[in-house]
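Visitor: Residue numbers (the numbering used here), protein chains in the order written: chain R, 1108 to 1311; chain E, 1108 to 1311.
We put the CB at the ideal spot given by N, CA and C, even for glycine.
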DNA sequence: TGCGTGCCTGCGGATAACCACAATGGTCGG
DNA sequence: CCGACCATTGTGGTTATCCGCAGGCACGCA
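Spelled out as structure tokens, the structure:
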């Protein structure tokens, strides 16, 4: 796991340097790349922090890099910098989940504030994702049978009915049920229902 | 409850007419207003459909109208039309929840598609909101005591413990618990937990 | 004052859930 | 072949939940 930093991608050295200094003055660590290709080559899914991408660059553009990163499962909050007021581009980027879209020349303080906000969002998303991952990990430990029983428990069915549906003895259902609670780290079906409903509102 | 229509707000009669014809050709009913003020005067919270707002108008602007409507709890998907590529405005509008931001001159088919998509989203939101409202209504029927018991049931506590905390007999808890299930229309604590967790992930 | 409603309680029984103890049989990898 | 893991089942007992039946107390409204 790398540290949380601002990842700057811009083909203009002056901008890279300016941003680096600006952020440092606000106690935000950063690293810069001079092209989308260079960043993509270094990209690792465990990077944390935020992205600051220039729209127009030699070679791959900022939005294109953004798309590639999305495809690779990158969820870092992304701020676009542009000197060309391109509305459809901005609207498209925001709708795809970009964090913000800022026109050059930018106000230093404002930009730094946005970067900091983006870093904060990433941190929030991270902790939240971590708990979701923990839950996934626990679910993965369940055996097939246990999952079948769990589904029916969550449907509010009696052990008796579940036993009937699965053609097994009620005692067996009790055992599975108990193991599910144990593995999932809950003490009752109510707890389990709430945890799953919160983390996966529409999936399972 | 009014029917779902596209609500057009533009001070240019030519545009209003053109949009009306365009949408009619796609079987979308619409009504037009020649100013933000006029629409605001007619606005009712039970309006359904979508909004198509011009950015620049005599008097109140589209974005300002949007803000006023938000303040009044309007959640109709809103499409902004603009001839002036104003990036910060577009970004701000999208981030505030605008459905789309389209530059004039617009492509007829594209705009109609977006309007139809907006209408569909409104319909989805409506049905979803309806169930949430039903749930709220049911919750409102609970007495104070019943709510107190419900909270604790959802916390996975035994009736015995709940009785202790509330300084009442276990039998009384059972009665309240039973009434809660009855009023909420569920058959078990598990069902209740799931319904509430889905509809109100972070509130109660 | 009578009625409705909310809140409280007890008794007793049916049903469901939870659990410790104990055991059988199958699969899979070392 | 053995150990680990999984699915399965039984016995017997404790605890919880769910309900019908019955009743009491307080408050506010007609």
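Mapping the DSSP letters down to three states, classify residue 1156/E as helix, strand or coil.
Guide: Of the three classes helix, strand and coil, the one that applies to residue 1156/E here is strand, per DSSP.
Visitor: Of the residues that make up the region 1187-1207 of chain E, which ones have a beta carbon closer than 8 Å to any beta carbon in chain R?
Guide: Answer in chain order: 1189, 1192, 1193, 1194, 1195, 1197, 1198, 1201, 1202, 1207.
Visitor: Assuming residue 1256/R and residue 1280/R make a contact with CB atoms under 8 Å, what is their CB distance in whole Å?
Guide: Confirmed, about 6 Å.
Visitor: With respect to the beta strand (DSSP E) encompassing residue 1077/E, which residues constitute its N-terminal and C-terminal limits?
Guide: Summary: the structure shown does not reach residue 1077/E, with chain E confined to residues 1108 through 1311, and so no result is reported for it.
Visitor: Judging by CA-CA distance, which residue of 1275/E, 1214/E, 1302/E, 1276/E is the nearest neighbour of residue 1288/E?
Guide: Closest option to residue 1288/E, Cα to Cα, is 1302/E.
Visitor: Who pairs with residue 1194/E in a beta bridge, going by DSSP?
Guide: Beta-bridge pairing links residue 1194/E to no other residue.
Visitor: Name the one or two DSSP bridge partners that residue 1137/R has.
Guide: Paired residues: 1113/R.
Visitor: Does the separation of the CB atoms of residue 1198/E and residue 1158/E fall below 8 Å?
Guide: Not a contact, by the Cβ cut-off of 8 Å.
Visitor: With three or more C-beta pairs closer than 8 Å as the rule, is the region 1176-1183 of chain R touching the region 1144-1156 of chain R?
Guide: These segments touch.
Visitor: Look at the Cβ atom of residue 1213/R, then the Cβ atom of residue 1200/R, and state whether they are nearer than 8 Å.
Guide: No.
Visitor: Do the region 1254-1274 of chain E and the region 1234-1244 of chain R touch if we need at least three Cβ pairs shorter than 8 Å?
Guide: No, they do not touch.
Visitor: CA-CA distance, residue 1124/R and residue 1161/R?
Guide: For residue 1124/R and residue 1161/R, the distance between alpha carbons rounds to 14 Å.
Visitor: Return no unless some Cβ of chain R is closer than 8 Å to the Cβ of residue 1235/E.
Guide: False, the Cβ-Cβ gap to chain R never drops below 8 Å.
Visitor: Please name the residue, chosen from 1147/R, 1108/R, 1266/R, that lies closest to residue 1168/R on a Cα-to-Cα basis.
Guide: Among 1147/R, 1108/R, 1266/R, the Cα nearest to that of residue 1168/R is on 1147/R.
Visitor: I need the DSSP call for residue 1118/E, collapsed to helix, strand or coil.
Guide: In this structure, residue 1118/E counts as coil in the three-state DSSP scheme.
Visitor: What does residue 1263/E reach in chain R if we use C-beta pairs closer than 7 Å?
Guide: What residue 1263/E touches in chain R: 1294, 1295, 1297, 1298.
Visitor: For chain R, check one thing: does any of its Cβ atoms lie closer than 8 Å to the Cβ of residue 1270/E?
Guide: No, no contact with chain R.
Visitor: Would you call the CB atoms of residue 1300/R and residue 1261/R closer than 8 Å?
Guide: Yes; because the gap between Cβ atoms is below 8 Å, this pair is in contact.
Visitor: I need the DSSP call for residue 1208/R, collapsed to helix, strand or coil.
Guide: If DSSP states are grouped into helix, strand and coil, residue 1208/R belongs with the strands.
Visitor: Which runs of the alpha helix (DSSP H) fall wholly inside the region 1266-1310 of chain E and span at least 4 residues, in chain order?
Guide: Here the runs fully enclosed are 1266-1273, 1277-1291, 1296-1306.
Visitor: Give the residues of chain E in contact with residue 1301/R, contact being defined as C-beta atoms less than 9 Å apart.
Guide: Chain E residues near residue 1301/R: 1261, 1263, 1300, 1301, 1303, 1304.
Visitor: Could you check which residue in 1306/R, 1111/R, 1138/R has the C-alpha nearest to that of residue 1242/R?
Guide: Nearest of 1306/R, 1111/R, 1138/R to residue 1242/R, Cα basis: 1306/R.
Visitor: Mark residue 1179/R as exposed unless 16 or more other C-beta atoms lie within 10 angstroms of its C-beta, in which case mark it buried.
Guide: With fewer than 16 other Cβ atoms within 10 Å, it is exposed.
Visitor: For residue 1281/R and chain E, any beta-carbon pair shorter than 8 Å?
Guide: It does not; no Cβ of chain E falls within 8 Å.
Visitor: Quick check: is the beta carbon of residue 1289/R nearer than 8 Å to any beta carbon in chain E?
Guide: No, because no Cβ of chain E sits closer than 8 Å to the Cβ of residue 1289/R.
Visitor: From residue 1149/R to residue 1220/R, what distance separates their C-alpha atoms?
Guide: Roughly 26 Å between the two C-alpha positions.
Visitor: Which partner residues of residue 1229/R appear in the DSSP bridge assignment?
Guide: DSSP output for residue 1229/R lists no bridge partner at all.
Visitor: Sort 1196/E, 1292/E, 1228/E, 1227/E by Cα distance to residue 1163/E and report the nearest one.
Guide: Residue 1196/E is the option with its Cα nearest to residue 1163/E.
Visitor: Short of 9 Å Cβ to Cβ, which residues in the region 1207-1230 of chain R face chain E?
Guide: Within the region 1207-1230 of chain R, the qualifying residues are 1207, 1208, 1209, 1210.
Visitor: Is residue 1203/R closer than 8 Å to residue 1172/R when the C-beta atoms are compared?
Guide: No, Cβ-Cβ distance for residue 1172/R and residue 1203/R is not below 8 Å.
Visitor: What does a CB cutoff of less than 7 Å around residue 1286/R pick up in its chain, not counting 5 residues either side in sequence?
Guide: Excluding residues within five positions, the ones whose Cβ falls inside 7 Å are 1253.
Visitor: Would residue 1143/E be called buried (16 or more neighbouring beta carbons within 10 Å of its own) or exposed?
Guide: Buried.
Visitor: How many angstroms separate the CA atom of residue 1194/R from the CA atom of residue 1216/E?
Guide: About 19 Å.
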